[in-house]
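Enquirer:
In our numbering, the protein residues as written are 13 to 274.
So this is what it looks like as structure tokens:
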């Protein structure tokens, strides 16, 4: 589990499909069903979101989902419990928790890592915790063999790229555009150059997020990166129709896993 389970994802010869699910959205039972159905489709790694009242990196879709989930009383402790329940039911796909730093600090760093590891979480993404301020959490993650994943944006200078390349564990999260999360009609033309700059600094796997909403977009980027994270497009559908969400997920999974000549 932990880092080893994440590392195995990027050794399987295809671009990883990495769906984002807001834990507890639209309700805990539906959330569990969504995760299990995405796993059945063949999701390679899950980013499991923890709701927060001020999600600065997230766009309107995920903000609204977080607000609804908080109104339903979902806490960080309950999010960890959902993962533990899924593992007990046989869910074996790698999963990282995505949480802002304030809920983690309120919970306690050591307790957060201990409880997450016991529940079967494999790592963390904390978008508002830069490497310069993450030394204590990094040390705890090493103790429990958990990944701590950092993000890079297209405007990241060389020094930032080098720092994240050295410190990020499991993979590096590439933000396709500067700004907040959300599905976009087109990906930026400078994306290949951004990926190339990061590739030149590291051999670690690169996962691309912020904007992917279709199989066609996934096909465009599959040869650039090692994984594709799909968030807002799936969350929006999860709030309306489980079947529509599953349909889109299957379309993107097929695009990422199709043979080269397909």
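Where a beta carbon is used, it is the ideal one built from N, C-alpha and C, also for glycine. On a predicted model such as this, the values are computed, not experimentally measured, just so you know.
Considering only the beta carbon of each residue, do residue 82 and residue 63 sit closer than 8 angstroms?
Expert: Against the chain shown, residue 82 aligns to sequence position 70. Against the chain shown, residue 63 aligns to sequence position 51. Their beta carbons are under 8 angstroms apart, which means residue 82 touches residue 63 by this criterion.
Enquirer: Measuring straight from C-alpha to C-alpha, what distance separates residue 195 and residue 222?
Expert: To locate residue 195, count along the chain shown from 1; it is residue 183. To locate residue 222, count along the chain shown from 1; it is residue 210. Unreliable placement is indicated for residue 195, whose pLDDT of 47 sits below 50; no coordinate value is reported for it.
Enquirer: Can the beta-carbon of residue 61 be found less than 8 angstroms from the beta-carbon of residue 35?
Expert: Working through the chain shown from its first residue, we reach residue 61 at position 49. Working through the chain shown from its first residue, we reach residue 35 at position 23. A contact, by the Cβ cut-off of 8 angstroms.
Enquirer: State the Cα-Cα distance for the pair residue 136 and residue 112, rounded to the nearest angstrom.
Expert: Looking up residue 136 in the chain shown gives position 124. Looking up residue 112 in the chain shown gives position 100. Cα to Cα, residue 136 sits roughly 10 angstroms from residue 112.
Enquirer: Per DSSP, residue 184 is paired with what?
Expert: The sequence position of residue 184 within the chain shown is 172, counting from 1. 218, per the DSSP bridge assignment.
Enquirer: Can you tell which of 20, 42 and 90 has the C-alpha that lies nearest to the C-alpha of residue 254?
Expert: For this step, residue 254 is matched to residue 242 along the chain shown. Of the listed residues, the one whose Cα sits closest to residue 254 is 42.
Enquirer: Which residues does DSSP list as the beta-bridge partners of residue 161?
Expert: The residue given as residue 161 occupies position 149 in the chain shown. Paired residues: 137.
Enquirer: Using a Cβ-Cβ cut-off of 7 angstroms (strictly less than) and excluding sequence neighbours within five positions of residue 259, which residues of its own chain qualify?
Expert: The residue given as residue 259 occupies position 247 in the chain shown. Excluding sequence neighbours, residue 259 sits near nothing in its chain.
Enquirer: Output the boundary residues of the alpha helix (DSSP H) element that contains residue 72.
Expert: As a working note, residue 72 is residue 60 in the chain shown. Its alpha helix (DSSP H) spans residues 72 to 83.
Enquirer: Quick one: Cα of residue 269 to Cα of residue 105, how far?
Expert: Residue mapping note: residue 269 aligns to position 257 of the chain shown, counting from 1. Residue mapping note: residue 105 aligns to position 93 of the chain shown, counting from 1. Their Cα atoms are separated by approximately 16 angstroms.
Enquirer: Assuming residue 32 and residue 224 form a contact by the criterion Cβ under 8 angstroms, report the distance between their Cβ atoms to the nearest whole angstrom.
Expert: The residue labelled residue 32 in the question sits at position 20 within the chain shown. The residue labelled residue 224 in the question sits at position 212 within the chain shown. That belief does not hold up - the Cβ atoms of residue 32 and residue 224 are roughly 10 angstroms apart, past 8 angstroms.
Enquirer: If we ignore side chains and look at the alpha-carbon of each, how far apart do residue 238 and residue 210 end up?
Expert: The count along the chain shown starts at 1 and reaches residue 238 at position 226. The count along the chain shown starts at 1 and reaches residue 210 at position 198. Distance between the alpha carbons of residue 238 and residue 210 is about 12 angstroms.
Enquirer: By a C-beta neighbour count over all protein chains shown, 10 Å radius and 16 as the cutoff for buried, is residue 17 buried or exposed?
Expert: Within the chain shown, residue 17 is the residue found at index 5, counting from 1. By the neighbour-count rule (16 or more Cβ atoms within 10 Å), residue 17 is buried.
Enquirer: Below 8 angstroms on the Cβ atoms is my contact criterion, and I expect residue 119 with residue 143 to pass it. Report the Cβ-Cβ distance as a whole number of Å.
Expert: Taking the first residue of the chain shown as 1, we reach residue 119 at position 107. Taking the first residue of the chain shown as 1, we reach residue 143 at position 131. With 8 angstroms as the limit, residue 119 and residue 143 do not qualify as a contact, their Cβ atoms being about 21 angstroms apart.
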